[in-house]
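Using numbering that gives the first Met the number 0, read the sequence shown as starting at 0 and increasing by one per residue.
Below: the structure, in structure tokens.
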Amino acid sequence: MATKGTVCGVISNMVTLTVDGPVAQNEICYISTGGDRLMAEVIKVVGVNAYVQVFESTRGLKVGSEAEFTGHMLEVTLGPGMLSKNYDGLQNDLDKMDGVFLKRGQYTFPLDKDKKWHFSPLVKVGDKVEAATWLGQVDENFQPLKIMVPFTLKGIYTVKSIVSEGEYGIYDVIVVLVGEDGNEVEVNMIQRWPVKRAMINYKEKPRPFKLLETGVRVIDTVNPIVEGGTGFIPGPFGTGKTVLQHAISKQAEADIVIIAACGERANEVVEIFTEFPELIDPHTGRKLMERTIIIANTSNMPVAAREASVYTAMTIAEYYRAMGLKVLLMADSTSRWAQALREMSNRMEELPGPDAFPMDLSSIISNFYGRAGYVVLNNGNTGSITFIGTVSPAGGNLKEPVTENTKKVARCFYALEQDRADRKRYPAVNPIDSYSKYIEYPEFEDYIGKRINNEWLKKVNEIKTRLQRGKEIAEQINILGDDGVPVEYHVTFWKSELIDFVILQQDAFDEIDAVTPMERQEAIVNMVIDICHTEFEFDNFNEVMDYFKKMINVCKQMNYSKFKSPEYDDFVKQLNELIQERKA
């Protein structure tokens, strides 16, 4: 019999219930008030009292209201029909909602119950299967998706019967399995999984090493991220976090893109809703939205739902990874998620950590990032979740707890800088403070040696060294004046500026410059390194500045030209003539 409870205290979204039976941590309950049923999650149990966070507004909720417990944790419904959908943090289908605003207590089913899918079996009667084994395949938006043995089953099962190829709905029984104990299990196309439990339906989770091409030079060349890697983008308001995320989502080599708008301002989420359906996928030529799922949770939605949204997004990503797909998960912004954790912690009167965040913030962030990764499935195929979150530190302070704790677990750090944004040097990623720890992995070194060449990482490190040296000289020039430093210093400084303008800066709104394939990035790096190794002759610093400005202009025009086109070749010729003019 289901446990029931009675409201005995309300503090905003946190409600205290007196319960009459067993209650589990993270269990879901529904509280009845004014004809509405409000969904809530148990976050603390003390004796006969259960503290629950309500995913809705609690306005009008009275002491004495009744609650009923469901016996399960917050779950997502997984199956075909999720691609190109817009969900909220609880996986309600926003397109099925009535009106402009979400009504309290209104929940919608996330999948299409009536649609028929063309199912092709992948196993036969008598085959031995286990949790997450691929039983068959359906196509959704040109993407082959697997129907799998429910992840909750334990042990080995035998296929007793399987339907023939044809059209079936999500509730139709497609396979009947028999367990070792003789019990039969009927399997359809959908399954449910609790969002706060990681899926471990794979054989092993090796260290990721394959470069994930994003087409963004400051990432791919200078601080690469890998398939199944983790990264984060901190930066103050207006430094271009959202534009950079959109560029990565659009261009990265991923089968599925999931965007979790976690507590963002409503206007930024509207931007995603209006822009994404219009974007063309550079890989397929069709709409990018066909392989995208948006989890939208704006800052005016209840705090508790904001906390749930990142877990919902990660669980959906794990489901697609179990199919052997490459998933890119973008969360914007994890600061709002951490603020939701802080709010709930404060309401429960827990001991506060730095800046009043929960004491266990570090382990919460670490556990969440740990769910991403590159995995080898039980059948030998591989799948990956590449996770990139953004952090919005108050006032651009990169020493605040969310940034500091994320830095400990994320392997790539892309620090957006206000100064670069003010000087319109986009993407405004600070090349000196940012880093990728994947460069240090021997597996990545071997991979990149075969993918590009063995000299590649040496050139990348030289670029970083030259940028650091250029920054130091810029500070000297600032203090001593242009005449106060030798001409050679000006040459070194302008060589670092050449790297900045030609490699680091990129036009996200230009058709050609927005996406740079690795072949072209290699050509750009080789060209710039050759120039940096060339000795030039100048009489004074004015000559240095005028000469390098001309060179930067030619190189930027090359970036806007189609690779190896007559126009591009013409700029290469102009550049070579320019180099010969001043070559020592």
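Think of the CB as a built atom: it goes at the ideal place given N, C-alpha and C, for glycine as much as any other residue.
Since the model is a prediction, treat every value here as computed from it, not as a measurement.
Q) Of all the options Ile146, Gln579, Gly230, Phe412, which has the alpha carbon lying nearest to the alpha carbon of Gly80? A) Taking Gly80 as reference, the option from Ile146, Gln579, Gly230, Phe412 with the minimal CA-CA separation is Ile146.
Q.
Going by beta-carbon coordinates alone, are Lys202 and Val44 separated by less than 7 Å?
A. no
Q. So, helix, strand or coil for Lys114, using DSSP?
A. Coil.
Q: Compare the Cα-Cα distances from Asp254 to each of Asp418, Gly262, Arg290 and report the closest residue.
A: Arg290
Q. Is Thr273 buried or exposed, if buried means 16 or more other CB atoms sit within 10 Å of its CB?
A. Looking at its Cβ environment, which holds fewer than 16 other Cβ atoms inside 10 Å, Thr273 is exposed.
Q | C-alpha gap between Gly234 and Asn396, whole angstroms | A | Cα to Cα, Gly234 sits roughly 8 Å from Asn396.
**Q.** The beta strand (DSSP E) enclosing His71, as first and last residue numbers
**A.** 65-72
Q: Kindly identify the DSSP beta-bridge partner or partners of Glu263.
A: Thr297
Q.
Which residue wins for smallest C-alpha separation from Thr283, given the options Gln250, Ile218, Val527, Asp87?
A. Gln250
**Q.** For Asp19 and Val47, the rounded distance between their alpha carbons
**A.** Taking the straight line from one Cα to the other gives about 7 Å.
Q. Tell me, which residues are paired with Trp336 by DSSP?
A. Partner(s): none; Trp336 has no beta bridge.
Q: Verify whether the separation of the beta carbon atoms of Ile472 and Tyr488 is less than 7 Å.
A: yes
Q | Segment limits, alpha helix (DSSP H) that includes Val9 | A | Val9 -> not in any alpha helix (DSSP H); beta strand (DSSP E) instead, spanning 3-10.
Q.
On the criterion of 16 or more Cβ atoms from any shown chain inside 10 Å, does Glu399 qualify as buried, or is it exposed?
A. buried
Q. Along the chain, where does the beta strand (DSSP E) that runs through Arg36 open and close?
A. Arg36 -> beta strand (DSSP E) spans 35-45.
Q) Any idea what DSSP makes of Met175, helix, strand or coil? A) Before going further, note that residue 175 is Val rather than Met in the sequence given. Val175 falls in the strand class under three-state DSSP.
Q) Taking the alpha-carbon positions, what's the Thr651 to Glu521 distance? A) This structure leaves residue 651 out entirely; the chain is present only between 0 and 583.
Q) Which partner residues does Ile30 have in the DSSP bridge list? A) Leu37, Ala66
Q | Among Val128, Thr15, Val553, nearest to Lys61 - alpha-carbon criterion | A | Thr15
(Q) For Ser564, count the other beta carbons within 10 Å of its own beta carbon; 16 or more makes it buried, fewer makes it exposed. Which is it? (A) Label assigned to Ser564: exposed.
Q) How big is the Cα-Cα spacing for Thr5 and Met343? A) 21 Å
Q.
Taking 8 Å as the cut-off, does the segment 471-485 touch the segment 182-200 (at least 3 CB pairs, one atom from each stretch)?
A. no
**Q.** Cβ distance (whole Å) where Ile257 is taken to contact Leu243 below 8 Å
**A.** With a Cβ gap of about 17 Å, Ile257 and Leu243 do not count as contacting.
Q.
Please list the terminal residues of the continuous beta strand (DSSP E) segment that includes Ser383.
A. Counting along the chain, the unbroken beta strand (DSSP E) around Ser383 starts and ends at 381-390.
Q. Measuring CB to CB, does Ser248 end up less than 7 Å from Lys325?
A. Not in contact: Ser248 and Lys325 (Cβ atoms no closer than 7 Å).
(Q) With distance defined between alpha-carbon atoms, name the residue in Arg346, Tyr310, Glu129 nearest to Val9. (A) Minimum Cα-Cα distance from Val9 among the listed residues Arg346, Tyr310, Glu129 corresponds to Arg346.
Q.
Restricting to Cα atoms, I'd like to know which of Ile155, Ile224, Lys153, Asp113 is closest to Tyr170.
A. Asp113
Q. Among Ser560, Arg410, Thr491, Val553, which residue has its Cα nearest to the Cα of Ala534?
A. Here residue 534 is Glu; the residue named in the question, Ala, does not match the sequence. Among Ser560, Arg410, Thr491, Val553, the Cα nearest to that of Glu534 belongs to Thr491.
Q: Could you please give the first and the last residue of the uninterrupted beta strand (DSSP E) stretch that includes Ile146?
A: Start and end: 142-147.
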